[in-house]
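The opening position of the sequence shown corresponds to residue 229 in my numbering, with each subsequent residue numbered one higher.
The C-beta atom is built at its ideal place from N, Cα and C for all residues, glycine as well.
Following: one structure in C-alpha cells, then a few remarks.
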Amino acid sequence: MLEVKNLKFRYNGFEVNASLNVNKGEILTLLGPNGCGKTTLLRCIYGILNPKTPCVYLDGKDVHSMDLRERAKKMGYVPQTHHPGFPYTVLEFVVMGRASQISTFESPGSEDYRIALEALKLVGIENLADKPYTQISGGQLQLALIARALVQNPRAILFDEPTAHLDFKNQVKVLEMIRRITAEKKVATILTLHDPNLAGMYSDKIALIKGGKIHAVGEPEEVLTENELSQVYEISIKVINADSFRFVIPVLNELKNH
Ligand SMILES: Nc1ncnc2c1ncn2[C@@H]1O[C@H](COP(=O)(O)OP(=O)(O)OP(=O)(O)O)[C@@H](O)[C@H]1O
Ligand SMILES: [Mg+2]
Numbered sequence: 229m230l231e232v233k234n235l236k237f238r239y240n241g242f243e244v245n246a247s248l249n250v251n252k253g254e255i256l257t258l259l260g261p262n263g264c265g266k267t268t269l270l271r272c273i274y275g276i277l278n279p280k281t282p283c284v285y286l287d288g289k290d291v292h293s294m295d296l297r298e299r300a301k302k303m304g305y306v307p308q309t310h311h312p313g314f315p316y317t318v319l320e321f322v323v324m325g326r327a328s329q330i331s332t333f334e335s336p337g338s339e340d341y342r343i344a345l346e347a348l349k350l351v352g353i354e355n356l357a358d359k360p361y362t363q364i365s366g367g368q369l370q371l372a373l374i375a376r377a378l379v380q381n382p383r384a385i386l387f388d389e390p391t392a393h394l395d396f397k398n399q400v401k402v403l404e405m406i407r408r409i410t411a412e413k414k415v416a417t418i419l420t421l422h423d424p425n426l427a428g429m430y431s432d433k434i435a436l437i438k439g440g441k442i443h444a445v446g447e448p449e450e451v452l453t454e455n456e457l458s459q460v461y462e463i464s465i466k467v468i469n470a471d472s473f474r475f476v477i478p479v480l481n482e483l484k485n486h
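What follows is the structure, encoded as C-alpha cells:
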C-alpha cells in the first residue's frame, strides 16, 4: 500500500496539506482546478520536492529515505511536462527506464531492449522506436514517458495528467492500459485528470483537491456529486445518471454570467 500521512509542503504563499491511501491494484485520481496543488502533491510523493518530515510510505517503508536507485525500482513518475534534451531514439529513451534494474556499470542488454520494445507496443508507438524522441509529437512523447515508467516495473506509479496531450481514442486507450497494468501487476496508482467523466470511469477512488487540501475523498459516486463538484470548481454543475454512467456537465447559463 502507498500511504501519504500528513504531507505538508509550502511554496511562497501556497501550502499543500494531504493524507491519502492507495492500495495495490487500485487507482486514486486527484481532481481539482488549475493551481490547486495536484502536481505539487505528486512531486512531494515522489520526492522531487522534499517535505520536511517523513510522510510517504510504500509497504510501510519511508520512500524519501530510500536512495534514488531503490526508489526508482519501487516508484515510477510520469511528469505533466517534459522537455526533450539529447536526441535519443524513442527506444533508447524508454530503455533508460531500466536503469534502476541493472547494475551501475552495466549497459542495458538485449533483455532490456526487448522489455522496452514490448512497452512501446503496449502504448502503441513501436513504429517510432528508431525516431529521435526530440522529433515526435506531444502526445507521442507522453506515450513514450508512460512506456519509460512501465519498464521500471514499479510497485507504485504516479501519472500527472497522462491524457493531457492525447486524442479522444488515445485518452481512453491509455486509461484502459493504466487500469489493466494497475490490476494485473498490482500497482498502487495515483493519477491526475481534468475530466471528471474520465475520472469517474477509471478511478477506484477520487480525491477532490481545493487550495492545496483534500476537499473530499471516496468512491466516484460519493465524490462526483453536484454539491462537491460545484464547491470545488465554483460553477454550477449537473450530474446526470444514465445506466451505470454519471455524466458531469457544467450548467451553461451560469457560465455565461461569469
Ligand atoms: N516552483 C514553484 N514555485 C512557487 N510556486 C509554485 C511553483 N510551482 C507551482 N507553484 C504554485 O503552487 C500552486 C500549485 O501548483 P500545481 O502545479 O501543483 O497545481 P496543479 O493542481 O498541478 O495545476 P494544473 O492543473 O494547472 O496542472 C500554484 O498556485 C502554483 O502557482
Ligand atoms: Mg499540474
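Take the Cβ of residue i as the centre, count every other Cβ of all protein chains shown within 10 Å, and call the residue buried at 16 or more, exposed below.
i, result
"VAL479", "exposed"
"TYR361", "buried"
"GLU254", "buried"
"LYS448", "Here residue 448 turns out to be Pro, not Lys, going by the sequence shown. PRO448 is buried by the Cβ-count criterion."
"ASP487", "Outside the modelled stretch of the chain, which goes from 229 to 486, sits residue 487, for which no answer is possible."
"ARG207", "An answer regarding residue 207 cannot be provided, because it is not within the stretch 229 to 486 covered by the chain."
"TYR399", "Inspection of the sequence shows that residue 399 is occupied by Gln rather than by Tyr. Counting Cβ neighbours within 10 Å, GLN399 comes out buried, since at least 16 surround it."
"GLN289", "A small correction: the amino acid at residue 289 is Lys; Gln does not occupy that position in the sequence shown. Counting Cβ neighbours within 10 Å, LYS289 comes out exposed, since fewer than 16 surround it."
"GLY265", "buried"
"TYR430", "buried"
"ILE374", "buried"
Should residue i and residue j be called a contact, given that it needs their Cβ atoms to be closer than 7 Å?
i, j, result
"VAL379", "ALA344", "yes"
"PRO307", "ASP423", "no"
"GLY531", "ARG376", "Past the edges of the chain, shown from 229 to 486, lies residue 531, and the structure says nothing about it."
"ILE495", "LEU452", "Because the chain in this structure spans residues 229 to 486, residue 495 falls outside the shown range and cannot be described."
"LEU319", "LEU436", "no"
"VAL460", "LYS441", "no"
"GLY304", "PRO382", "yes"
"LEU369", "ILE353", "no"
"LEU286", "ALA384", "yes"
"VAL250", "LEU230", "yes"
"VAL467", "GLU454", "yes"
"VAL232", "VAL284", "yes"
Looking at ligand 1, does it come within less than 6 Å of residue i, judged from the CB to the closest heavy atom?
i, result
"LYS349", "no"
"THR391", "no"
"TYR239", "yes"
"CYS264", "yes"
"PHE242", "yes"
What is the residue span of the beta strand (DSSP E) that residue i lies within?
i, result
"LEU436", "433-438"
"GLU389", "Counting along the chain, GLU389 falls outside any beta strand (DSSP E), and DSSP gives it neither H nor E."
Roughly how many angstroms lie between the CA atoms of residue i and residue j, to the nearest whole one?
i, j, result
"PHE475", "ASN234", "33 Å"
"THR268", "ASN469", "33 Å"
"HIS310", "THR420", "16 Å"
"ILE434", "ARG271", "18 Å"
"ALA411", "LYS252", "8 Å"
"LEU414", "ASN481", "Here residue 414 is Lys; the residue named in the question, Leu, does not match the sequence. Between LYS414 and ASN481, the C-alpha separation is close to 44 Å."
"ALA300", "THR417", "15 Å"
"ASP432", "ILE406", "12 Å"
"LEU426", "VAL402", "11 Å"
"GLU450", "LYS236", "26 Å"
"LEU394", "ARG342", "26 Å"
"LYS349", "VAL322", "12 Å"
Could you give the first and the last residue of the continuous alpha helix (DSSP H) run that contains residue i?
i, result
"ARG342", "338-351"
"ARG376", "366-378"
"GLY304", "Note, GLY304: premise wrong, no alpha helix (DSSP H); beta strand (DSSP E) at 303-306."
"PHE321", "318-323"
"GLY428", "424-430"
Does ligand 2 have a heavy atom nearer than 6 Å to the CB of residue i?
i, result
"THR267", "yes"
"GLN308", "yes"
Would you please verify whether the beta carbon of residue i is less than 7 Å from any beta carbon of chain D?
i, result
"ASP290", "Annotation note: the requested chain D is absent from the structure, which comprises a single protein chain."
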